[in-house]
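S.K.:
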Amino acid sequence: MTSPPAQRPPVVEADVSPDPIDPSSLVERVGHPDDGAVLLFLGTVRTWNREREVTALEYEAYGAMAREELAEIAREAAERHGASRVAAVHRTGALRPGQASVGIAVAAVHRDAAYRTSREVIEEVKRRLPVWKKESYADGGSAWLDGHPVAGRAGEPTGPTAGAAGPAGEDEA
Amino acid sequence: MSPASPRTATIGVQVRFFALLRDRAGCAERSFEMPAESTVADLLELLEREIPGLPSGLAVAVDRAYAPPGLELRDGHEVALIPPVSGG
Numbered sequence: 052m053t054s055p056p057a058q059r060p061p062v063v064e065a066d067v068s069p070d071p072i073d074p075s076s077l078v079e080r081v082g083h084p085d086d087g088a089v090l091l092f093l094g095t096v097r098t099w100n101r102e103r104e105v106t107a108l109e110y111e112a113y114g115a116m117a118r119e120e121l122a123e124i125a126r127e128a129a130e131r132h133g134a135s136r137v138a139a140v141h142r143t144g145a146l147r148p149g150q151a152s153v154g155i156a157v158a159a160v161h162r163d164a165a166y167r168t169s170r171e172v173i174e175e176v177k178r179r180l181p182v183w184k185k186e187s188y189a190d191g192g193s194a195w196l197d198g199h200p201v202a203g204r205a206g207e208p209t210g211p212t213a214g215a216a217g218p219a220g221e222d223e224a
Numbered sequence: 023m024s025p026a027s028p029r030t031a032t033i034g035v036q037v038r039f040f041a042l043l044r045d046r047a048g049c050a051e052r053s054f055e056m057p058a059e060s061t062v063a064d065l066l067e068l069l070e071r072e073i074p075g076l077p078s079g080l081a082v083a084v085d086r087a088y089a090p091p092g093l094e095l096r097d098g099h100e101v102a103l104i105p106p107v108s109g110g
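Heads up: the protein sequence lines correspond to chains Y and L, in order. Each residue of the first sequence is one higher than the last, beginning at 52 in our numbering. Each residue of the second sequence is one higher than the last, beginning at 23 in our numbering.
#1: Could you give the DSSP three-state label for residue 61(L): helix, strand or coil?
#2: Indicate whether at least one CB of chain L lies closer than 7 Å to the CB of residue 216(Y).
#3: Excluding sequence positions up to five away, which residues of its chain have a Cβ less than 7 Å from the Cβ of residue 73(L)?
#4: Which residue marks the beginning of the beta strand (DSSP E) containing residue 95(Y), and which one marks its end?
#5: Is it buried or exposed, residue 206(Y), if we count other Cβ atoms within 10 angstroms and call 16 or more buried?
#6: Short check: CB of residue 137(Y) to CB of residue 63(Y), under 7 Å?
#7: In terms of DSSP beta bridges, what is residue 118(Y) paired with?
#8: Any idea which residues DSSP pairs residue 103(Y) with across the strands?
#9: In whole angstroms, what separates the C-alpha of residue 163(Y) from that of residue 110(L)?
#10: Report all residues from its chain with a CB closer than 6 Å to the CB of residue 58(L); omit the five preceding and five following residues, and keep chain order.
#11: I think residue 112(Y) touches residue 181(Y), with their Cβ atoms under 8 Å apart; what is that distance to the nearest whole Å?
#12: Let me know the secondary structure DSSP gives residue 68(L) once reduced to three states.
#13: Helix, strand or coil: which one does DSSP assign to residue 155(Y)?
#14: If you reduce the DSSP assignment to three classes, tell me which class residue 176(Y) lands in.
#15: Got a sec: is the Cβ-Cβ distance from residue 42(L) to anything in chain Y below 7 Å?
#16: Quick check: the Cα distance between residue 78(L) and residue 133(Y), rounded to an integer number of angstroms?
#17: What residues are listed by DSSP as bridge partners for residue 36(L)?
#18: Identify, in the order they occur along the chain, each residue of the same chain with its Cβ nearer than 7 Å to the Cβ of residue 43(L), setting aside the five sequence neighbours on each side.
#19: Could you compute how far the alpha carbon of residue 88(L) sits from the alpha carbon of residue 82(L)?
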C-alpha cells in the first residue's frame, strides 16, 4: 500500500569547471523513479557568430561566485516550476565549435515543469552568471563579446521570470 | 561618500577585475583605500575616476553575491567588479 510522494524541496547540483561536459552523466545525476520527465539542454559553440568565423572560444568565470550563483539559479527555477532535480554545469577555458559550453539536466514529475525549469535556468545563466567569453576568429583577432549588464547594476532582484523567454539576441545559444 | 576628516578611519578594499575589465585595469586585482563606511556606490565612483575608459553597466559583487549600491564595505570583504556577462 503506497501513495505518491509529497512534493520535496528540489535537489540541485551545480558546477563550473574546465572539464568537458558529459551529457549522460548529467542525465544520470537527475534520474529518479518518482519522476516522469528528464530533459537535457546543451548550449554549444557555433562556428558563425555575427558573420565572423569563430575558431575558438575562451570562457572565463568568477569561479567561486559562479558556482554558488548557478546553484541558486537552479534552485529558484526548480522551486518556481516544481521540478524535482537539476544538475547544471558551465565550462571554462578554451572550447572549439561544436563543444558544449553549458549543460542543464532537469527531472520533474511531469514534462511541463521540466521544460519551464530548463528554460528559466538557461535564461538566468545568460542574465546573471558571472561568466565571460572571448572569441577568436579565422580572419585573425579576438574580442570579448558584448554581454548583458546584470540587472539593476548592483544586485537589485531581477524578479521572477517564470516562463518568460528573454529577447533573443544574435549571440544567444 | 562620508565627508573626509583627518580622523576618519580608512578601509582597504581589494577589488578583482574580470574579462575586459582586467584588460582595461591592466591587472586582475588591485587594492584601494577608502574612508570607513564607504558604500558600493562610492567604490564605483572611485573606480570611474581611477580607471579611464571603464565601461558602463557594471555590477559589484561582495562576498560572491551581487550587492546593492547602498551596501557598506568593510575590511576583508571579497569585492569583484562584474562587467556585462556573456555565459551560456
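Beta carbons: idealized from backbone N, C-alpha and C, even for Gly.
M.R.: According to the structure data:
#1: In the second sequence, counting from the first residue as 1, residue 61(L) sits at position 39. Three-state DSSP puts residue 61(L) in a strand.
#2: Working through the first sequence from its first residue, we reach residue 216(Y) at position 165. Because the pLDDT at residue 216(Y) is just 38, under 50, the model does not fix this residue reliably, and the point stays unresolved.
#3: Here the question's residue 73(L) lines up with position 51 in the second sequence. Closer than 7 Å at Cβ, skipping near neighbours: 46, 47.
#4: Here the question's residue 95(Y) lines up with position 44 in the first sequence. Note, residue 95(Y): beta strand (DSSP E), 88-95.
#5: For this step, residue 206(Y) is matched to residue 155 along the first sequence. Below a pLDDT of 50, predicted positions are generally treated as unreliable, and residue 206(Y), at 43, falls in that range; the measurement from the model is reported next regardless. It is buried - the Cβ of residue 206(Y) has at least 16 other Cβ atoms within 10 Å.
#6: Position 86 of the first sequence, counting from 1, holds the residue named residue 137(Y). Position 12 of the first sequence, counting from 1, holds the residue named residue 63(Y). Closer than 7 Å, so yes.
#7: By one-based count along the first sequence, residue 118(Y) stands at place 67. Beta-bridge pairing by DSSP links residue 118(Y) to no other residue.
#8: For the purposes of this step, residue 103(Y) is identified with residue 52 of the first sequence, where counting begins at 1. Answer by DSSP bridge pairing, in chain order: 100(Y).
#9: The sequence position of residue 163(Y) within the first sequence is 112, counting from 1. The sequence position of residue 110(L) within the second sequence is 88, counting from 1. For the pair residue 163(Y) and residue 110(L), the Cα-to-Cα distance works out to about 22 Å.
#10: Taking the second sequence and counting its residues from 1, the one referred to as residue 58(L) is at position 36. So the list reads 31, 33, once near-sequence residues are dropped.
#11: Here the question's residue 112(Y) lines up with position 61 in the first sequence. Here the question's residue 181(Y) lines up with position 130 in the first sequence. Yes, they are in contact, since the Cβ atoms of residue 112(Y) and residue 181(Y) sit about 6 Å apart, within 8 Å.
#12: Position 46 of the second sequence, counted from the start, is the residue given in the question as residue 68(L). In the structure shown, residue 68(L) falls within a helical segment according to DSSP collapsed to helix, strand and coil.
#13: Here residue 155(Y) is taken as the residue at index 104 of the first sequence, counted from 1. DSSP places residue 155(Y) in the strand class (E or B) of the three-state scheme.
#14: Walking along the first sequence from the start, residue 176(Y) turns up at place 125. Secondary structure at residue 176(Y): helix, using DSSP grouped into helix, strand and coil.
#15: Walking along the second sequence from the start, residue 42(L) turns up at place 20. Yes, contact with chain Y.
#16: Stepping through the second sequence from its first residue, residue 78(L) is reached at position 56. Stepping through the first sequence from its first residue, residue 133(Y) is reached at position 82. Our two residues, residue 78(L) and residue 133(Y), have alpha carbons roughly 37 Å apart in a direct line.
#17: To locate residue 36(L), count along the second sequence from 1; it is residue 14. Beta-bridge partners of residue 36(L) (DSSP): 53(L).
#18: As a first step, residue 43(L) is located in the second sequence; it is residue number 21 there, counting from the start. The residues are 103, 105.
#19: Along the second sequence, one-based indexing puts residue 88(L) at 66. Along the second sequence, one-based indexing puts residue 82(L) at 60. For residue 88(L) and residue 82(L), the distance between alpha carbons rounds to 6 Å.
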